[in-house]
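At the far end of the sequence shown sits residue 245, using the working numbering, and the numbering has no gaps.
Glycine residues also receive a C-beta, built at the ideal position from the N, C-alpha and C atoms.
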Amino acid sequence: MSAQTLLEVDGLSKRFGGVAAVSGATFSVDTGTITGLIGPNGSGKTTVFNLITGYLKADAGTVRFEGERVRRANPRRLYRRGLSRTFQQARVFPEMTLVENLVVAVAVPVWALGRRGISRADAARAEELLDRFGLGSHAHRKAGELSFGQRKLLEFATVLLGRPRLVLLDEPASGVNPLMIEQMERHIRDVHAEGVTFLVVEHDMNLVMRLCDPIVVLDHGAKIAEGHPADVRADPAVLDAYLGD
Ligand SMILES: Nc1ncnc2c1ncn2[C@@H]1O[C@H](COP(=O)(O)OP(=O)(O)O)[C@@H](O)[C@H]1O
Ligand SMILES: [Mg+2]
């Protein structure tokens, strides 16, 4: 492991019945990168995210974050340690306002919110983040009223509230209109410029190729290539994976 390795995934494996969703995936994410994780549909990308962040228990393999083994991974604990993620289908609380959505991310357990209410400092930071993501004028509306793309922005804002060092984004551009994709890209770049490292799963190859370096390619749950965008794009194994079987 080099000094700048932030996340290290080694031999990660997970089966669902007869399906080997992830088979010995090994890769790392260096501090300061926007690393891409790509692969055909069903190649195990989301499962890798679920294993890293503790939503699933691995059958084999290890995950290290900042050099420390993540054992019995617990999403809440990882969030506090500085690792957070978004979901392919943005997860927001539709009946809560945008501000409440942000604040529950740090107010654990959720019932404490009702008892204590929202502190002025939390609300101020939540509103500042919403402004930044162009959602300020909706701050006190219910999240259920937002468009799909706006929900993705809200979810991204929410993970930033915990001041993470590593953010895992699962398909930030999917189902989002082109204008919103541009916004999403700008936000990722801005947050990255402030020192946050990213691991991004994304279907939009143009976006991946201009945003990510390096890129790790999965096929059938195993890494088949990694490197700079131009090299990965020219790799015959990658072309085969996307075109073949
Ligand atoms: N909870 C689950 N139960 C059963 N099979 C699953 C589950 N999650 C994923 N799979 C299967 O594992 C494989 C990898 O899925 P996934 O990680 O979602 O791929 P990707 O995100 O790359 O599209 C697929 O064959 C998928 O059907
Ligand atoms: Mg997926």
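Any heavy atom of ligand 2 counts here; residues with a Cβ closer than 7 Å to one of them, in chain order, are Lys-45, Thr-46, Gln-88, Asp-170, Glu-171, Val-201. Per DSSP, the unbroken alpha helix (DSSP H) holding Asp-231 starts and ends at 229 to 234. Per DSSP, Asp-170 is one residue of the beta strand (DSSP E) stretching across 166 to 170. Per DSSP, reduced to three states, the secondary structure at Phe-133 is coil, with no helix or strand assignment. Phe-198 sits in a strand when the DSSP states are folded into three classes. For the beta strand (DSSP E) assignment, the uninterrupted runs of no fewer than 3 residues enclosed by the stretch 3 to 43 are, from N- to C-terminal side, 5 to 16, 19 to 30, 34 to 38. In terms of Cβ geometry, Lys-223 and Thr-26 form a close pair [threshold 9 Å]. DSSP places Asp-204 in the coil class of the three-state scheme, outside both helix and strand. With fewer than 16 neighbouring CB atoms inside 10 Å of its own CB, Val-19 falls in the exposed class.
Within the same chain, Leu-98, Val-99, Glu-127, Leu-130 come within 6 Å of Ala-139 by CB-CB distance, once the 5 residues on both sides are set aside.
In terms of CA proximity to Asn-206, Ile-181 leads the group Val-9, Ala-105, Ile-181. When Leu-56, Leu-154, Arg-165 are compared, the shortest CA-CA separation from Thr-31 is found for Arg-165.
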